[in-house]
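The structure appears below as structure tokens.
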Amino acid sequence: MDKNKSSDALDEIPTFNVDNIQNNTRIINYSRTFMSIIGGVIAGILGVNGLTGIVFYFLVMAITTAGLAAKTEFSVHSYFDSWNRIVFDGILGGLMSFVLFWTFAYDMVHIF
814 MDKNKSSDAL DEIPTFNVDN IQNNTRIINY SRTFMSIIGG VIAGILGVNG LTGIVFYFLV
874 MAITTAGLAA KTEFSVHSYF DSWNRIVFDG ILGGLMSFVL FWTFAYDMVH IF
């Protein structure tokens with residue numbers, strides 16, 4: 814009887830394809846970079862200044878995380894090994910793109 818329990822436990826261990834996880838992680842990074850650029854342009858057009866812009870960036874990243882989770886139909890473990898991948902992976906990678914497009918759009922709309 815113990816033998817059956819151990820084989821059932823082995824059947825419940827999730828298996829992942831490394832290529833699929835790498836592709837999904839790459840898609841997360843592309844999505845975060847794209848949303849950073851769009852968020853930076855929107856923040857610049859709206860005339861956001863100072864720390865409010867950084868808060869706006871993290872708000873955009875929270876919306877992006879919610880969108881990615883919705884895309885997976887909230888079954889993140891089917892596509893990633895943990896929730897940390899979808900919540901934290903690449904969250905600071907788009908910050909420089911955000912600041913670049915934020916200042917560019919702000920200058921184009923409000924200064925020139």
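Residue numbers (our numbering): 814 to 925. We put the beta carbon where it would ideally sit given N, CA and C, even for glycine. Just so you know, these numbers come straight off a predicted model, no measurement behind them.
Rounded C-alpha distance that separates residue i from residue j
i    : j    : result
L859 : D894 : 38 Å
I876 : R845 : 10 Å
I924 : G866 : 17 Å
G852 : S891 : 29 Å
I840 : V922 : 31 Å
G857 : Y870 : 12 Å
N897 : F917 : 32 Å
L908 : D902 : 13 Å
Y919 : T828 : 47 Å
Classification of residue i by the beta-carbon crowding that lies within 10 angstroms, buried from 16 upward
i    : result
V868 : exposed
N837 : buried
T878 : buried
M848 : buried
I826 : exposed
M814 : Confidence in M814 is poor, its pLDDT being 45 and thus under 50, which makes the residue's placement unreliable; the coordinate value appears in the next sentence. Counting Cβ neighbours within 10 Å, M814 comes out exposed, since fewer than 16 surround it.
F911 : buried
G906 : exposed
V889 : buried
Among the options, the one whose alpha carbon lies nearest that of residue i
i    : options                : result
Q835 : S910, V873, I899       : I899
W915 : I855, D902, D832       : I855
V873 : I850, F829, F887, V889 : I850
Y843 : I904, L913, S888, D832 : I904
The region 881–895 / the region 847–863 touching (three or more Cβ pairs under 8 Å): no
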